[in-house]
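Read top to bottom, the protein sequences are chains A and B.
Sequential numbering of the first sequence, starting at -4, is according to my numbering.
Sequential numbering of the second sequence, starting at 177, is according to my numbering.
Ideal placement from N, C-alpha and C gives every residue a C-beta, glycine not left out.
Since the structure comes first, as structure tokens, the remarks are kept for the end.
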Amino acid sequence: MAVWLEEIVSEDKLLLCGHAACAGCGPAINVRHVLGGLAAAKPESKIVLVIPASCWTIIAGIWPVNAFGVTVHLTPFASAAAEASGIKAALRLRGLGDTQVVVWGGDGSTCDIGFSGVSAAAERNEDIIYVLNDNEAYMNTGVQKSGATPEGAWTTTTPTTSPRSGQKKDIARIMAAHGIPYVATLALGSVPMLRDFRAKVTRAAELRGFRFLHILGPCPPGWRYPTAQSTEIARLAVESRYFPLFECDDGKWRITFRPKHPLPVSEFLKAQGRFSHLLSEEMDTIQSHVDERWNLLAALESRGNERGPFPQRHPSLSAAPANGSRIKVWRRSVCIANDRPRDG
Amino acid sequence: MSEAVPHGHMVLTSDEAAAYAVMLARARAIACYPITPQTVIVERLADLVAGRDDVEFANLESEHSMFGYVIAASRAGVRTFTATSSQGLLYAHEQLHRASRERVPLVIVNVNRAVFAPWSLQSDLSDSMSQRDTGWIQLYCASAQEVLDSILCAYRIAETAMLPVMVCAEGFLLSHTSEIVDIPDQSTVDAFLPELHPPDDWLLDPERPRTFSALPEPKDYAAFQRHVADAMDEARSLIGAVASEFTAHFGRHKVGALEVAGNLDADTALVTIGTIGDSALELLDDDENLLLVRVHAYRPFPAAELSAALAGVSYVSVIDRAPAFGSLGPLGGDVRSLDLPHVKAATNFVGGLGGTDVTPLTLRWALNQTLSSSAERAGLAPVYIPEGVE
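As structure tokens, then:
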């Protein structure tokens, strides 16, 4: 175990010190473990990171300073998934198809303005890893509500006198409904969670096709908690089942982290200023929604080896030939259709 | 299996001619999203590349994504193509600004169509003319042959200047009418258009980690904008040089920035863009005192060439097929910005909107208006061509 820990916290120089993230930025820790995990899983493969407009436009560094040890392609807000698809296509044509093309997109980009592009790239089963860095609001512009902002939360556009109503978009299940090879939720709150995190990154690296990693990204200025507590906040999110850790691997659902003694969600909520206006009965309502979602995930998991609730349209791609050969196997059938005589 | 590209003379629409030009140019990443009247181009391309492993053909879910896809694929080192019209071009507006500022050598075809609202499927130039300040080279065509030839030239221009090029063809007037088009053979095109070799410093190379388009200091941001302006200025001479080379290589005349016809010593000039320039040629049948100028390269604006062409005239009529609400039409405003002290009257007309006809009779009416006192010669509003003069 000690050796294993040493391996994963070693200096990989994929996100360099001196980057421009806020003190205590949860996603800054997460991105290091994503890049480190991908590099460790496929050391022979280079990584291209595609980043839509977000905090990371700035964290990447003020030109010509660069905080990343991998190629970074910055895009407009809504087109990261399409651009990752274009890069992957071009690299394949250039014989560089084993490059890991990875989107690092926020919740505004993924759940809101770029959602159609994310959905379409999943539907095309593009051979990319899409990482949702979910800090649950538009943080770069100063904390405005997004589709991923949780029920009851304060943001600057959902003030405490009219906090967020309705529930956070269940993006992981929505993505799983596309029948893609892999969907997982990840959070860094403890050593066991770190192990779960790295196992999921490794699994994503092993597979081919569209892989979706939904990572909780605690944000001290946006969530209103002290900068030293990002890991603790993530731990409370997972152990209260507010943010369950699960995966849908080739249609098979599995809760990957079961808190031995689940905490009430109020422990997670009370640790953050963004929920400080909530009354206890409002916390009870949130608790009931947390329980409902957990029970739903447990029901999905209980299907065992059965396929999930959505038909898997895409075959498992883990056995596909390596090194950049085309994965779009269904294209062949299109070609056959074109062999028919054309009308007129 | 993929279809072969024919060569020799064929009867084609400009949409079909465009598809063959893209194949001859060996575009390797092609993105599509349907919109009338462009759709035939990507339908033909889908047939032509089906089953080929050396071409990526992608059906995207919007024009915004489609432009993002080709920008990214181009940055990663392959020649790309896409096509759109009207709302599609407008939906991608953000990407248009970005493509030129990132110096991406895209070539696209915009099949011109009027802009919503209200709905119209018919042609005018509002879609692409309203994108004139996005940093794209714009080439407006008057025939299917010119569309094919301009696409081949466009790749040379784009990849030399490292600027995107938009080849514009009016919807239905060109896209859905057929004419004889001479398709060159592949080896002749290959000798004219070498493979894409973008600068190493520009190319996205996974072996060489860098961050592209990172946030700079204000002075550096300003410098990057200046680089685009400089590249655009340099492209002026490039457009003419590539056209001359095309003419010599293919043995078929290729218009550079402008097409000039009629009496070079005439007192009266008519400045047009697109297919209206083709209609204007009929005026020469019975008018020996008329100079015709058809603008092919609208951006970069060929100010020097146009000033030279209009050096001896007293009366200029400029026909726009797009409005510029609250100002002169796009082409009219640009012509009026030229220093032409000898011109007594330069009148800007707007017509042909939403597919309305601009016939030789319309053009004759406009010329007469400029010569008479009834035209608004110095005002900041164009004359909207009324119904009934066609």
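| Item | Value |
| --- | --- |
| Pick from Ala456/B, Thr258/B, Gln271/B, Asp463/B that is closest to Thr310/B, judged by C-alpha positions | Gln271/B |
| Range covered by the beta strand (DSSP E) that runs through His185/B | 184 to 188 |
| For His425/B: DSSP bridge partner residues | Beta-bridge pairing links His425/B to no other residue. |
| Neighbourhood of Leu507/B by C-beta, 6 Å cutoff - its chain only, sequence neighbours within 5 removed | Ile449, Val494, Asp496 |
| Length of the line joining the Cα atoms of Ala200/A and Ala223/A | 31 Å |
| Secondary structure, beta strand (DSSP E): runs of 3+ residues fully inside the segment 197 to 261 of chain B | 205 to 208, 232 to 235, 256 to 260 |
| Inter-residue Cα distance where the pair is Asp102/A and Ile166/A | 9 Å |
| Same chain only: Cβ atoms within 8 Å of Leu434/B, ignoring 5 sequence neighbours per side | Val469, Arg470, Val471, His472, Ala473, Pro478, Glu481, Leu482, Ala485 |
| Extent of the continuous alpha helix (DSSP H) to which Tyr331/B belongs | 320 to 337 |
| Range of the contiguous beta strand (DSSP E) that encloses Glu263/A | A small fix is needed here, since residue 263/A is Phe in this sequence, not Glu. From DSSP, Phe263/A is part of no beta strand (DSSP E) but of the alpha helix (DSSP H) over 260 to 265. |
| Identified DSSP bridge partners for Lys496/B | Residue 496/B is actually Asp in this sequence, not Lys. Asp496/B is bridged to Val526/B. |
| Extent of the continuous alpha helix (DSSP H) to which Gln298/B belongs | Here Gln298/B belongs to no alpha helix (DSSP H), and DSSP marks it neither H nor E. |
| Under the three-state DSSP convention, the category Pro187/A falls into | helix |
| Cutoff 9 Å: His14/A Cβ touching any chain B Cβ | no |
| Proximity test, Cβ basis, 9 Å: Ala317/A and chain B | Low per-residue confidence applies at Ala317/A: pLDDT is 43, beneath 50, and the placement is therefore not dependable enough to give any value. |
| Within-9 Å CB hit, Thr387/B to chain A | yes |
| The segment 99 to 115 of chain A / the segment 275 to 291 of chain B touching (three or more Cβ pairs under 8 Å) | no |
| Paired residues, beta bridge with Thr150/A - DSSP | Thr153/A |
| Chain B within 9 Å of Asn61/A, Cβ atoms only | yes |
| The beta strand (DSSP E) enclosing Lys247/A, as first and last residue numbers | 247 to 250 |
| Stretch pair the segment 300 to 316 of chain B + the segment 441 to 459 of chain B: three plus CB contacts closer than 8 Å | yes |
| Any 3 or more C-beta pairs closer than 8 Å across the segment 85 to 92 of chain A and the segment 46 to 61 of chain A | no |
| Beta-carbon proximity check, Val559/B vs Ala542/B, cutoff 9 Å | yes |
| Per-residue DSSP class, three states only, for Asn340/A | An answer regarding residue 340/A cannot be provided, because it is not within the stretch -4 to 339 covered by chain A. |
| Below-9 Å beta-carbon distance, Trp58/A vs any chain B residue | yes |
| Residues within the segment 61 to 81 of chain A neighbouring chain B, beta-carbon criterion of under 9 Å | Asn61, Ala62, Phe63, Gly64, Val65, Thr66, Val67, His68, Leu69, Thr70, Pro71, Phe72, Ala73, Ser74, Ala75, Ala76, Ala77, Glu78, Ala79, Ser80, Gly81 |
| Simplified DSSP assignment, three categories, for Gly100/A | strand |
| Nearest candidate by alpha-carbon position, reference Cys17/A, set Glu277/A, Pro221/A, Pro259/A | Pro221/A |
| Cβ neighbour criterion (16 or more within 10 Å) applied to Glu234/A | buried |
| Residues within the segment 372 to 406 of chain B neighbouring chain A, beta-carbon criterion of under 8 Å | Leu380, Asp381, Pro382, Glu383, Arg384, Pro385, Arg386, Thr387, Phe388, Ser389, Ala390, Leu391, Pro392, Glu393, Asp396 |
| Contact with chain B by Gly101/A, beta-carbon distance below 9 Å | no |
| Member of Asp229/B, Gln362/B, Glu239/B whose CA lies at the smallest distance from the CA of Pro210/B | Glu239/B |
| Whole-Å CB distance - Leu69/A paired with Ala390/B, under 8 Å assumed | 7 Å |
| Assigned secondary structure, Cys106/A (DSSP; H/G/I helix, E/B strand, else coil) | helix |
| Through-space distance from Trp218/A to Asp191/A, alpha-carbon basis | 24 Å |
| Minimum Cβ-Cβ distance from Gly32/A to chain B less than 9 Å | no |
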